[in-house]
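Here is the structure we will look at.
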Amino acid sequence: VEEKFGVAPDKVVDVQALAGDASDNVPGVPGIGIKTAAELINIYGDLDSLLERAGEIKQPKRRENLIEFAEQARISRQLVLLREDAPTPLDISAMKTAARNMDVLKAFLIEQNFNRLLVRIGASAEAGDSASAPVVRSMGGTLSASAKQDNAAKDSGAATLHDAHSLRDIETNYTLITTRDALIDFLGKARKQGFLAVDTETTGLNASAVDLVGISMAIAPGQACYVPLRHGLANAMTTSDGGAVQGGLDFSDEGDSASYPQLDFEIAMAEIRPLFEDPAVLKIGHNLKYDAHVLMRPRNGGISLAPVDDTMCLSYVLDGGRVERHSMDYLAGHWFDYTTIKFSDLCGKGAKQIPFSDLSPDAALDYAAEDADITLRLWMILKPRLAGEKVASVYERLERPLIPVLAQMENYGITVDRSILARMSNDFATRMEALAKDILALAGEDFNIASPKQLGEILFDKMGLQGGKKAKTGAYSTSADILEDLAASGVEIASKVLDWRHLAKLKSTYADALVECILPETGRVHTSFSMVGASTGRLSSSDPNVQNIPIRTSEGRQIRTAFIAAEGCKLISVDYSQIELRLVAHVAGEHSMIEAFKDGIDIHARTASEVFGIPLDQMDSETRRRAKAINFGIIYGISAFGLARQLSIPQGEARDYIAAYFENFPGIRAYMERIKTEAREDGYVETLFGRRIHITGMVGGSPAHRGFAERQAINAPIQGSAADIIKRAMIRIPPALKTAGIKADMLLQVHDELIFESPAASADEAVKHITRIMEAAAMPIVNLMVPLVAEAGIADSWADAH
């Protein structure tokens, strides 16, 4: 409120009374707008005090207007003041947000001529049902779909589609914009229709480090432009019309310096920024989180891109688990039978690859504009399907609002201490060297421990160990499973090789690689979160992958000590306690588990007591460990073979454990059978919040494939619901902290854990707000039968906070 109106919330009415609102017939005071009104109210305190002291105003015209129109200002205040005694014939429960009735909504919007809203919901104002007469507008008019695309639509379960031809058959009109007038004209068209597709061209893939090279935009299929901004980068010379000529590389035989006409960066941003931040204009992108992150950085315009739609997220919500990938290149082929221009086609590959900024704008035009063009066409196909397939709430309430949250998290990054990583790397190297000596001594000869082929020959040919399995290549397998079996049977060399591999992984993947990920200008690592990495809705991360840092070993946990708070700050780790088990208890309606969670009883001890018949007060740690393995194993549909392997017990004993578990918790078995039936009949399962996770392989195929699909069907609703809940928390926490006036930045999400950075003085207060929001995140959509518990820690490092 303060950001928009410039005053505290209780003063907004006074500001509105002064500024007026022509659209609502609120007259206000002539010559006073929002900014001036806010200044006056902040000086004089309230409207009445201002009007009483209007004679003190120095500006003659403003003073005269305040005196002359004082009564008008008072009337305006009455007009904008909300009545607190208005009759409320409807109960609050009747106002609950419900799924859209698209037919009713569309008819109402058409009747009221709300054409922009029609576009925003993916509908059309034309007569006829969009499901039976879909249209894609382009320069060539209405297009019809090929038979191949009709089949693709059916395969993807599309209920409402715009027809689309192969992109090869559509006339395109891609324009290079190099003058201010041309840019203003294009942006004006976008503003008038209320939406456009956007894509950025940059110097690399790390959004935290790249420079913006240009922006492409599309306002209709085939009608796109590219605005070059930093091609050539150096020796910019501004021209009289706001354009610039920038020096670039010349690959001609003569070696003359090339010159690239393009707009001055600041002039272009001054025109683009208002549209990109206009709440009335929808910005559509593909993996728009990347573009939003690039644009929010000051050197790239400092733009807060909003509101947004993302075709990658649309595809993910609609077809997660059903299409192979959600990349633009793949979807262009899937929906349009079209092969996109590849980056390597323009810039080359490997050592000979040149930066995109070295291309001339003319050479970059088709590649850049095509991205925006295809994005817009994908949006026209995908967005209308949301309502028909009953997943609009998943997109609108979970995926779309998460985009700016993740972009900001990536921008913040987290501090990593180079010196700690260096010490770890040296320690790991020393221990690896000692293990290598022992391994070579046990082998009786020198060999390359990192070579699976050489290791297999040592273990199974020279040493004659049992359990060797040859792959199609003729080499022995030395996978972790093979080595763990050997180690469990007392083979010392196998145990030491496992330890050596573990340290080698930590050294190369984390201790050494994390240093390379530190951005020099920030001293922080800026991981990239993928919103479409797992079909269940879980996020994944890369560059670096913070979600795969091992925590089951002391060496793995050490890596987290290098993630530290900035000076004067603390790291806060807040983790959901056993959220997936709690969700199992809820969906299965398993009374004893529900009561255990409500009473705060150790669920693994309770399970051990039920399955093994041991009183809680006589529980030993080994029995509890076995119950824990069963609890989590059941969630993932573990088999007797898998449980036997995990607990190092005979398979028959594991089978008895599982049978005893289901006997004591029949609701869980009933849930598993029910969910498998639903997946088999519908082809998908759903989370508690309506996310559809498509399951393939439930019918036909080998028993192994069906078994895998069944285990996926059992776990997906649980893991997916947990992912949905933490996303709901992530969306709610930043605005709640801002409203409370608490400084705490959300930095990382690792499965069921969120990591924040806060000034030390406000960390305790931040924890109170964060845990409260996380524990209530399922509400009001889902009223869980078990409590969610968020456990928090505050420390100087991630390791100590968790």
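Start counting the sequence shown at 50; every next residue gets the next number (my numbering).
Just so you know, even glycine gets a beta-carbon here, dropped at the ideal spot from N, CA and C.
In this text, all values refer to a predicted model and were calculated from it rather than measured experimentally.
For the candidate residues the options, whose alpha-carbon lies nearest to that of residue i?
i	options	result
GLU438	GLU113, ALA753, PRO784, MET151	MET151
ALA611	ALA765, MET377, ASP849, PRO808	ASP849
ALA839	HIS818, PRO829, TRP847	HIS818
SER807	GLY842, ALA562, THR224	GLY842
GLU735	GLY769, ARG550, PRO310, GLN596	GLY769
ILE452	ALA676, ARG777, ALA86	ARG777
GLU52	VAL835, ALA810, THR788	THR788
ALA772	PRO784, LYS792, VAL799, HIS640	VAL799
ASN336	MET345, THR249, LEU630, GLU326	THR249
SER544	LEU139, GLN515, LEU563, ILE488	ILE488
LYS888	ALA231, GLU160, VAL330, THR221	Outside the shown range of the chain (50 to 851) lies residue 888, about which nothing can therefore be said.
VAL935	GLN127, LYS110, ASN114	The question about residue 935 has no answer here: the residues shown for the chain are numbered 50 through 851.
LYS145	TRP847, PRO836, VAL835, ILE830	ILE830
ASP59	VAL78, ALA71, ASN91, ASN74	ASN91
ILE686	PRO138, ALA758, GLU160, PRO699	Reading off the sequence shown, one finds Gly at residue 686, where the question assumed Ile. Cα-wise, what sits closest to GLY686 is ALA758.
ALA413	VAL366, VAL262, PHE496	VAL262
ARG601	ALA615, GLY586, HIS551	HIS551
ALA728	GLU671, MET834, PHE235, ALA765	ALA765
GLY82	LEU115, GLY104, ALA57	LEU115
GLY523	ALA156, HIS640, GLN503	GLN503
ASP548	SER376, PRO109, ALA483, ILE219	ALA483
ILE469	GLU459, TYR559, PHE392	TYR559
THR251	ASP97, LEU130, TYR416, ILE159	TYR416
ILE744	VAL454, ARG102, GLU315, GLU373	GLU373
Hey, residue i and residue j are a contact pair by Cβ (cut 8 Å); roughly how many whole angstroms apart?
i	j	result
ARG755	GLY746	6 Å
ASN255	ASP794	Contact flag wrong, Cβ pair sits at about 19 Å.
VAL660	TYR710	5 Å
ILE613	ASP845	6 Å
LEU232	ALA239	Not a contact, Cβ separation roughly 11 Å.
MET642	SER658	Not confirmed; about 12 Å, so no contact.
THR585	ILE742	6 Å
GLY462	ARG573	3 Å
GLN695	GLY682	7 Å
Per the DSSP calculation, residue i is bridged to which residue(s)?
i	result
ILE804	SER622, LEU797
ALA246	ALA267, ILE333
LYS338	None, per the DSSP bridge assignment.
ALA573	It should be noted that the sequence gives Arg, not Ala, for residue 573. DSSP output for ARG573 lists THR464, LEU568 as bridge partner(s).
GLY842	SER622
ASN222	GLN272
SER591	SER577
ASP327	None; ASP327 has no bridge partner.
THR860	Residue 860 lies beyond the range of the chain shown here (50 to 851); nothing can be said about it.
VAL75	ASP70
PRO277	GLY263
ASP359	GLY334
LYS519	TYR525
Can we count residue i as close to the ligand GDP, meaning its CB is less than 7 Å from some heavy atom?
i	result
GLN402	No copy of the ligand GDP appears in this structure; indeed no ligand is present at all.
What are the uninterrupted segments assigned as alpha helix (DSSP H) that are 4 or more residues long and contained completely in the segment 696-755, given in chain order?
-> Segments of the alpha helix (DSSP H) lying fully in the segment 696-755: 700-713, 715-731.
Do the segment 60-75 and the segment 118-135 touch if we need at least three Cβ pairs shorter than 8 Å?
-> Cβ pair count under 8 Å is three or more, so yes.
Evaluate contact between the segment 436-456 and the segment 551-560, counting only Cβ atoms and requiring at least three cross-stretch pairs below 8 Å.
-> No, the segment 436-456 does not touch the segment 551-560.
Three or more beta-carbon pairs under 8 Å between the segment 257-270 and the segment 352-371, yes or no?
-> No, they do not touch.
May I have a chain-ordered list of the alpha helix (DSSP H) segments no shorter than 4 residues that lie completely inside the segment 601-673?
-> For secondary structure counted as the alpha helix (DSSP H) over 4 or more consecutive residues, the segment 601-673 holds these complete runs in sequence order: 603-608, 628-637, 640-648, 652-661.
Using 8 Å as the Cβ pair cut-off and three pairs as the minimum, do the segment 400-407 and the segment 619-628 touch?
-> The answer is no - the segment 619-628 does not touch the segment 400-407, with fewer than three Cβ pairs under 8 Å.
Of all the alpha helix (DSSP H) runs that stay within the bounds of the segment 84-170, which reach a length of 4 or more residues?
-> As far as the segment 84-170 is concerned, its whole alpha helix (DSSP H) runs of at least 4 residues are 96-101, 109-117, 119-129, 151-160, 164-169.
Any contact of the segment 269-278 with the segment 225-241, i.e. 3+ C-beta pairs under 8 Å?
-> A contact is defined here as three or more CB-CB pairs under 8 Å, and the segment 269-278 meets this definition with respect to the segment 225-241.
Which full runs of the alpha helix (DSSP H) of 4+ residues lie inside the segment 374-424, going along the chain?
-> For the alpha helix (DSSP H) assignment, the uninterrupted runs of no fewer than 4 residues enclosed by the segment 374-424 are, from N- to C-terminal side, 377-385, 392-396.
Given 8 Å, three or more beta-carbon pairs between the segment 354-369 and the segment 573-585 = Counting Cβ pairs under 8 Å, three or more are found: they touch.
Do the segment 422-437 and the segment 382-394 meet, that is, are 3 or more Cβ pairs less than 8 Å apart?
-> Put simply, the segment 422-437 touches the segment 382-394. At least three CB pairs are less than 8 Å apart.
So, do the segment 697-711 and the segment 670-687 have three or more beta carbon pairs nearer to each other than 8 Å?
-> Flag = yes, the segment 697-711 and the segment 670-687 touch.
Taking three-plus beta-carbon pairs below 8 Å as touching, is the segment 523-543 in contact with the segment 507-514?
-> A contact between stretches requires three or more CB pairs, one per stretch, nearer than 8 Å, and the segment 523-543 meets this requirement with the segment 507-514.
Pairing CB atoms from the segment 495-510 with CB atoms from the segment 524-534, are three or more of them under 8 Å?
-> The segment 495-510 is in contact with the segment 524-534.
Hey, is the segment 601-611 in contact with the segment 468-476, meaning 3+ C-beta pairs nearer than 8 Å?
-> Segment contact: the segment 601-611 against the segment 468-476, three or more CB-CB distances shorter than 8 Å; contact assigned.
Can you list the alpha helix (DSSP H) stretches of 4 or more residues lying completely in the segment 523-562, in chain order?
-> Counting only runs of 4 or more, we get 529-537, 541-554.
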